[in-house]
Structures are given as C-alpha cells and as structure tokens.
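Heads up: the structure comes next, in structure tokens.
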Amino acid sequence: MAKNITPREKDYSQWYLDIVKEAQLAEHSPVRGCMVIKPTGMALWENMQTGLDQMFKDTGHQNAYFPLFIPKSFLSKEAQHVEGFAKECAVVTHSRLKAVDGGVEVDPDSRLDEELIVRPTSETIIWDTYRNWIQSYRDLPILVNQWANVVRWEMRTRLFLRTMEFLWQEGHTAHATKQEAIDETLQMLEVYRTFAEDYMAMPVITGVKTESERFAGAEDTYCIEALMQDGKALQAGTSHFLGQNFAKAFDVKFQDKDGDHKLVWATSWGVSTRLIGGLIMTHSDDQGLVLPPKLAPTQVVIVPIYRKDGERELVLEYGDAIVKELKALGVRVKLDDRDNFKPGFKFAEHEARGIPLRIAIGPRDVQNGNVELARRDTLNKEVVSRDGIGSLIKSLLETIQFDLFEAAKTRREEMTSEVESYEEFKSVLEEKGGFIYAHWDGTSETEERIKNETKATIRCIPFEKGTSGNCMVTGKPSLKKVLFAKAY
RNA sequence: CGGGGAGUGGCGCAGCCCGGUAGCGCAUUCGCUUUGGGAGCGAAGGGUCGCAGGUUCAAAUCCUGUCUCCCCGACCA
C-alpha cells in the first residue's frame with residue numbers, strides 16, 4: 001500500500017485515482033472502459049441508493065424494471081433522441097457462438113433480423129410500454145423509477161465519472177397536463193438538490209441547461225451542478241421536461257374527462273454512480289477519501305492498542321461494550337481487531353478509506369475510563385470520557401456532516417467569480433478556474449464561440465435572481481448572468 | 001478517433017539502447033521479537049515478461065501487427 005496519497009495541484013487526476021484505489025472503491029476491468037466496483041464502493045452506492053429511493057417513494061414513485069435490450073427501430077422514433085445517442089451504442093447483432101478449433105467465433109447463421117441496442121437510456125422502451133398502460137386520464141400520472149445499468153460507448157473513460165457501463169436510476173413519468181409534468185421535473189430536481197446537499201454534503205447550483213447542453217429529446221433539461229476542488233464543474237444530476245416528444249413518437253394518448261384524445265406529457269430524471277466521483281472530488285484530501293457520515297458504510301471504527309496479551313483482551317472487551325452501545329443507537333461501527341497490523345497502520349488505512357470517526361483505545365484509556373476520538377474531516381484528536389460516548393458520537397456525526405457541507409460551500413464560494421468583460425472572463429478562467437458568472441446574449445453561436453476559445457461551457461442558467469446587462473462577448477442585451485465553468 | 005506515455009509475480013518498478021535460462025521493494029506464508037501514527041530480523045512460496053506473428057542457435061530485449069490502460073484533445077452523465 002502506498003505511504004501517501006499523491007499531492008494534488010499538478011496531478012489532480014492521479015490524486016483522484018489514488019484515492020479511488022486506496023479507499024478500495026473500484027478498479028479498472030480488463031473490459032475496455034468498464035469498471036469493477038469493489039465491495040466498499042458498492043456499500044457506498046447502496047447507501048446512496050437507499051437515501052434516494054426513499055426520497056422517490058416519499059414523492060409517490062414506484063420502482064419497475066424494463067429490458068436491457070432495445071430494438072433498433074425504437075431508437076429511431078424520436079429524431080433528436082437518435083441524434084444524441086446513435087454515436088455511442090453497443091449493438092447486438094448475433095445470438096450464438098460456435099466452437100472453432102479450440103476457440104469460438106460468432107455464428108453467422110445466428111444474425112438477428114433486427115439488431116438490439118444495449119440501452120444507453122430507457123426512454124424509448126419505456127414509452128413503447130407506456131402506450132399500452134395508458135388509455136384514460138385515470139391511468140395518469142405514471143410515476144415510475146428504475147434502478148439499472150446502462151451502456152454508452154464512450155471514447156474516453158474515467159473511473160466513476162464516465163465509464164462505458166454505469167449504474168444509475170432513471171425516473172420516467174407520464175402526466176395528463178403540461179403543468180403537472182413541469183412540476184414533476186422541478187420536484188425531482190429539488191429531490192436531487194436535497195440529496196446532494198443533505199446526504200452528500202455537496203453544495204450544488206440548480207438551473208436550466210442551454211439548448212446545446214440539453215438532453216436529446218427534451219424540451220428543457222434542469223440540472224444540479226457541483227464544483228470540484230480542482231475548479232472544474234461536475235453535472236451531478238439532471239431532470240428533463242420531455243414535453244410531448246416521446247408521446248408523439250410512440251403514439252401515447254389518453255382520453256381526457258372531456259372525451260378528447262390527448263398526447264401525454266413526460267419527464268425523465270437520473271443520477272448515476274458519477275455521484276461517487278463527485279463525492280470523492282468534493283471532500284477528499286491528501287490523506288485520502290473523506291465520507292459524509294450519512295453515507296459512510298462504516299461511520300465509526302474502533303482501533304484497539306495493546307502490548308501484552310492481557311492488555312489485548314482488556315481493550316477488546318472495553319471496545320466491544322462501546323460497539324454494542326453504538327449499535328443500539330443505530331451507529332454503523334466496526335471494531336478493527338486484526339492482530340497483524342499495528343495501530344499506526346490502521347489509522348492511516350481508515351483515513352484513506354474515509355471513515356468519519358475513529359476511536360482509539362489503549363490500556364491507558366481503559367484505566368482512566370476514556371477513549372481517544374479522531375475526526376476524519378479535521379484530523380483533530382481529543383481524549384474524552386467513555387461515559388456518554390454514545391450521545392457524543394451521535395452529535396459529532398451530525399456536526400461532521402454539517403461541517404463538511406459548510407467547508408465545501410466555502411471552497412465553492414472562494415472559487416466562484418463574477419465578471420463583466422470577456423477579457424476578465426478569460427483571465428479568471430485561466431488563473432483561478434471555478435464557477436464564473438457572466439452575461440451572455442442567449443445564442444448558441446456565442447456559447448459555441450466561448451467554448452471553442454476557452455473550453456468553458458455554460459453549466460446552467462441559474463434559478464437565482466439576477467440583474468440584466470450586456471453579453472460579455474457581443475454586447476447584446478442579457479437578462480441575467482449565467483454560470484460558466486470548465487467541466488468534467 | 002488524433003497527439004503523448006505505459007503494459008514484466010497481488011501492487012509499484014528495474015532490466016530493453018548493446019539478444020545469452022528474469023531481478024528489486026512492498027505484499028503473502030512460517031518463526032521469534034514488536035504494537036499510543038504506515039514494525040524488525042530470519043526463512044519460504046509465487047512470473048508462458050499484454051497478446052499474435054516474424055528474425056535468430058537463442059527474444060522481456062530486435063521487427064510487424066494487435067489489445068488494453070494513463071495523460072492531453074474532440075464526444076458525453
């Protein structure tokens with residue numbers, strides 16, 4: 001195991017990869033562009049799933065599951081949608097292999113009449129299904145979510161942030177009215193904002209995407225945008241108002257109270273394992289991963305310290321009692337009783353894995369009725385009384401959760417600028433990076449020009465109120481400043 | 001898909017230029033000593049050198065092809 005996580009500054013990518021590796025979250029698979037999520041990483045994702053899933057249920061949604069394979073013809077039904085995804089699809093063309101001297105080859109006789117696409121997203125197959133589910137206004141709304149894997153044949157991949165196959169959830173809802181669909185879109189965006197901020201302790205900016213950044217097939221794409229420690233933005237979640245595009249493409253109509261047949265209004269929304277990448281880049285430091293208590297698979301680890309066998313039993317017994325007490329309070333706690341590692345090694349290892357709180361217990365502590373408590377986020381250590389440890393830890397976990405969010409928010413604010421001129425924009429982008437608010441004339445041409453010249457994109461048109469002014473590039477009128485950044 | 005770098009025991013690397021039976025550190029196993037910030041000594045096990053061809057008496061090393069990974073671009077959650 002490496003002694004240290006690599007220093008940042010120049011080598012942010014390497015720093016990121018080292019954290020993923022040292023924290024045992026995931027590793028590259030021999031399969032091109034794919035990733036193996038290790039048990040520790042999966043435990044983290046499961047906690048995220050649990051939190052999100054509960055929020056979906058609380059807002060009236062149910063889970064369902066749709067096929068992995070999508071007939072090619074489905075994908076061609078919505079013009080914008082095809083254009084967006086056609087270039088990155090895995091296609092199944094055959095159904096059999098046959099043995100050929102020691103190996104296998106694709107059996108040419110098994111060619112499929114219609115190729116199957118491995119879903120890059122499920123709008124098409126779901127809307128094809130919804131057609132049969134929806135007859136009357138009484139069948140609406142349909143509020144369904146699916147937890148699934150999807151495949152996008154990306155040119156370049158990066159662990160968690162962009163892999164060929166990734167895990168996600170995709171919500172797909174159908175509504176009788178436009179307003180109801182828009183409300184749903186915004187409601188789910190708010191769910192994502194709440195999850196990012198309250199669970200992940202990752203502050204986000206909410207807003208709407210420009211036309212060029214919009215989801216293929218959507219009328220409006222809303223998003224949450226987070227800022228990573230290297231000053232690059234990460235699109236952490238999207239919620240789309242799909243209008244009637246998919247209803248038209250898949251002929252999904254319902255008979256309304258007034259007897260008229262009407263097209264259904266749609267939304268879709270999703271977040272993926274990319275959130276784990278965002279979590280890593282939001283909080284981690286040079287000691288490794290830092291996890292917010294609400295999501296940490298293990299919230300507290302107890303490290304026993306001893307010299308002689310008698311001491312080992314003594315501290316383990318002391319530690320066991322604390323484990324029981326914390327478990328009874330619903331704290332996820334582990335006692336690290338491995339005898340083949342020294343305490344110092346364990347300290348470093350648990351820090352690299354991001355466990356929010358560490359309790360060290362030596363004979364001295366048992367003697368005095370104390371424990372040593374160490375916070376992962378601040379790396380501060382203090383000796384506290386063993387009595388009342390349960391309630392202290394409960395409140396400390398909450399404090400850490402809160403402090404992580406505040407620290408991340410402060411970092412983001414330090415990395416956020418507001419500029420008036422294009423020159424200023426370029427120099428801030430060059431020297432500081434981060435989020436930059438600037439006026440823009442609302443055209444794709446200007447947006448494209450800025451992107452080509454600076455690599456910065458419009459992350460979103462924020463919901464926040466702003467004042468009008470003039471586009472920093474063309475001088476044309478602008479209603480309010482929009483959010484720019486270089487992005488992952 | 002363009003430009004750059006790299007694939008050698010589980011991990012990190014040396015060896016390659018100049019061909020001659022594969023080495024170091026960490027990890028693993030065993031023993032003893034250690035244990036309040038990544039332990040020490042001794043012994044042992046483990047590799048068709050990414051893959052496929054070619055040159056050669058002989059290939060990790062030279063040649064050709066191919067796959068994968070990393071970094072920078074274009075594309076994207």
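Under our numbering, the first sequence has 281 at position 281, and the numbering climbs by one with no breaks. We put the CB at the ideal spot given by N, CA and C, even for glycine. Fair warning: this is a prediction, and the values are worked out from it, not measured in the lab.
- In the DSSP assignment, Lys381 falls within the unbroken beta strand (DSSP E) covering 381-385.
- Going by DSSP, Met35 is part of no alpha helix (DSSP H) but of the beta strand (DSSP E) stretching over 35-37.
- Under the Cβ criterion (8 Å, minimum of three pairs), the region 414-421 does not count as touching the region 311-318.
- In this structure, Trp153 sits near Cys89, with a CB-CB distance shorter than 8 Å.
- Scanning its chain for C-beta atoms nearer than 7 Å, with the 5 sequence neighbours on each side dropped, one finds around Lys480 the residues Gly466, Thr467, Ser468, in chain order.
- Following the DSSP letters along the chain, one finds Trp265 inside the beta strand (DSSP E) bounded by residues 265-272.
- Burial of His172 is indicated by the presence of at least 16 other C-beta atoms within 10 angstroms of its C-beta.
- Assignment of Leu373 by DSSP, reduced to helix, strand and coil, places it in the strand class.
- At a Cβ-Cβ threshold of 8 Å, Ala456 and Leu429 count as neighbours.
- Rounded to the nearest whole angstrom, the C-alpha separation of His28 and Glu46 is 20 Å.
- If you look at Trp15, you'll find it in the alpha helix (DSSP H) that goes 12-22.
- Bridge partners of His61 according to DSSP: none are assigned.
- With 16 or more other CB atoms across the displayed protein chains lying within 10 angstroms of its CB, Asp336 is buried.
- Each residue's CA atom was taken as its position, placing Leu404 and Ala43 some 20 Å apart.
- By the Cβ neighbour-count rule, Phe195 is buried, with 16 or more other Cβ atoms within 10 Å of its own.
- Under a 10 Å Cβ-count criterion, Trp15 is classified as buried, with 16 or more other Cβ atoms of the shown protein chains found around its own Cβ.
- The C-beta distance from Gln299 to Leu379 rounds to 17 Å, too long to meet the 8 Å contact threshold.
- Judged by DSSP secondary structure, Arg459 falls within the beta strand (DSSP E) whose first and last residues are 457-462.
- Contact between Phe425 and Ala485 is ruled out by a C-beta separation of about 11 Å, above the 8 Å threshold.
- With a 10 Å radius around the Cβ and a threshold of 16 neighbouring Cβ atoms, Phe347 comes out buried.
- Spanning the alpha carbons of Glu431 and Glu414 requires a straight line of approximately 13 Å.
- At the C-beta level, Gln146 and Ala64 come within 8 Å of one another.
- Spatial neighbours of Ile19 in its own chain (CB-CB distance under 7 Å, excluding positions within 5 residues in sequence) are listed in chain order as Ile5, Ile280, Ser284, Gly288, Leu289.
- For the 8 Å CB-CB criterion, Arg119 and Leu68 form a contact.
- The C-alpha of His81 lies about 19 Å from the C-alpha of Val208.
- DSSP, read as helix, strand or coil, puts Trp147 in strand.
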